[in-house]
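Here's the structure we're looking at; comments come further down.
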Amino acid sequence: MYTPAVLRLTADGRPDLTLAVRGAVLLSYPDQSFGQFSAVSVLPDGRIVAAGVVRQTSGTILGGAARLTAAGQLDPTYGSGGLALTQPVATGSGGITNGTPVVTAAVDAAGSAVFDTATYFVSSPTGTVVYRLTPAGAADTGFGSGGRVLFSTTPGSGTADPAFDLQAGLAFQPNGDILLGGTDHAGEINTTAGALTRLIGSDPPAGFVAAVPGTLTAGGPADGTSAALNPTGGTYAAAGTTTVFPGFAGAVRGTTADVNADGTPDYVYATGPGGGPRVAVF
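Sequential numbering of the sequence shown, starting at 1454, is according to this note's numbering.
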């Protein structure tokens, strides 16, 4: 059995014996037969969040995360007794390459763990699926659908192919967006192509008004806002005002278009004079 562990070194590279027992903490999950953690983040208060992959004795593969206190004890306020798991990624022997589960993990500055998974070795592949846990170690229901993003059903993802498996680069950008990159095996281990995609944050800008068919957007005064106009009885009525680029107080240019071809209008904004240039699509 392989058990993930967290170790801490002092500034001069020696084992930090003040962390738990002799500078190391073993992370043992119930029914665990294999564990391999590849991501770690130290929070501002000194707590430690680590994440990776866990395989159970039944063969079920999940993303796993743990949070430790600054002293190296499991944090009982995180997940279940300091340990957390995602929804199952795969079952049986699927999702294993040379004995290593195909799961990449990252932890952001707030302690949210994200997992990029691929299942191209299972009989019914789901393709790339990204999971996120909240800083408290629960499924982040505000992320995608129920805490996960399934690329084969995501409009604008560039593919509806369940064999689309994007591996294995995963990183957070400064604004919290998630960048994924690597190779797409396209269902065949010997056929690869480079691929790169980005998941944007789920929080809308201040004052955001969801578009409906026929919605228009228009720049307002030079205060960083843009107005949404909805059709009403042959005319347009103001539906709300959105602050598009936080910190920018100039003129905003805007238009609507179905950018991701999902049948719903999207807003396309750009800063006017003195603003960048910056472009945003919602």
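All residues carry an ideal CB built from backbone N, CA and C; glycine is no exception.
Can residue i and residue j be called in contact, C-beta distance under 8 Å?
| i | j | result |
| --- | --- | --- |
| Ala1492 | Gly1505 | yes |
| Val1459 | Ile1501 | yes |
| Phe1490 | Pro1529 | no |
| Ser1481 | Val1560 | no |
| Gly1516 | Phe1568 | yes |
| Tyr1584 | Gly1595 | no |
| Leu1586 | Ala1537 | yes |
| Gln1416 | Ala1592 | As shown, the chain starts at 1454 and ends at 1735. That puts residue 1416 outside it, with no answer to give. |
| Ala1692 | Ala1710 | no |
Just mark residue i as buried or exposed, buried being the case when its beta carbon has 16 or more other beta carbons within 10 Å.
| i | result |
| --- | --- |
| Gly1590 | buried |
| Pro1718 | buried |
| Ser1565 | buried |
| Val1507 | buried |
| Ala1664 | buried |
| Ile1653 | exposed |
| Gly1535 | buried |
| Gly1716 | exposed |
| Leu1462 | exposed |
| Gly1597 | buried |
| Gly1609 | At Gly1609 the pLDDT is 49, less than 50, meaning the model places this residue with poor confidence and gives no usable figure here. |
| Gly1729 | exposed |
| Ala1624 | exposed |
| Gly1727 | exposed |
| Ala1503 | buried |
| Ala1519 | buried |
| Gly1700 | exposed |
| Ala1690 | exposed |
| Ala1558 | buried |
| Gly1686 | exposed |
For residue i, list the residues DSSP reports as bridge partners.
| i | result |
| --- | --- |
| Ala1723 | Arg1706, Val1732 |
| Pro1684 | Tyr1689 |
| Ala1464 | Note: Ala1464 sits in no beta bridge, so no partner. |
| Asp1569 | Thr1557, Val1583 |
| Thr1678 | Thr1696 |
| Leu1649 | Gly1634 |
| Val1602 | Val1583 |
| Arg1508 | Phe1487, Ile1514 |
| Thr1670 | Ala1681 |
Whose C-beta lies closer than 6 Å to the C-beta of residue i among residues of the same chain, with five residues either side of it excluded?
| i | result |
| --- | --- |
| Arg1651 | Asp1630, Leu1632 |
| Gly1466 | none |
| Thr1695 | Pro1658, Gly1660, Phe1661, Ser1679 |
| Gly1611 | Residue confidence is low: Gly1611 scores 48 on pLDDT, short of 50, so the model does not pin down where it sits. Its coordinate-derived value is still stated next. No residues qualify anywhere along the chain. |
So, for residue i: in the same chain, excluding its five sequence neighbours on each side, which residues have a beta-carbon less than 8 Å away from its beta-carbon?
| i | result |
| --- | --- |
| Ala1524 | Thr1471, Leu1472, Ala1473 |
| Tyr1722 | Thr1670, Ser1679, Val1697, Phe1698, Val1705, Arg1706, Gly1707, Val1732, Ala1733, Val1734, Phe1735 |
| Val1712 | Gly1609, Asp1719, Val1721, Val1734 |
Assuming residue i contacts residue j under a Cβ cut-off of 8 Å, what Cβ separation, rounded to an integer in Å, is found between them?
| i | j | result |
| --- | --- | --- |
| Gly1725 | Gly1703 | 5 Å |
| Thr1581 | Val1542 | At roughly 11 Å, the Cβ-Cβ gap does not stay under 8 Å, so Thr1581 and Val1542 are not in contact. |
| Gly1660 | Leu1649 | Not really, about 32 Å apart at Cβ, beyond 8 Å. |
Among the residues of its own chain, which have a CB less than 7 Å from the CB of residue i, if the five just before and after it don't count?
| i | result |
| --- | --- |
| Ser1486 | Met1454, Arg1508, Gln1509, Thr1510 |
| Asp1676 | Ala1702 |
| Ser1577 | The predicted position of Ser1577 is uncertain, since its pLDDT is 49 and thus under 50; a value taken from the coordinates is nonetheless stated next. Nothing listed; no residue qualifies. |
| Gln1626 | Leu1632 |
| Pro1588 | Ala1563, Gly1564, Ser1565 |
| Thr1522 | Arg1500, Asp1528 |
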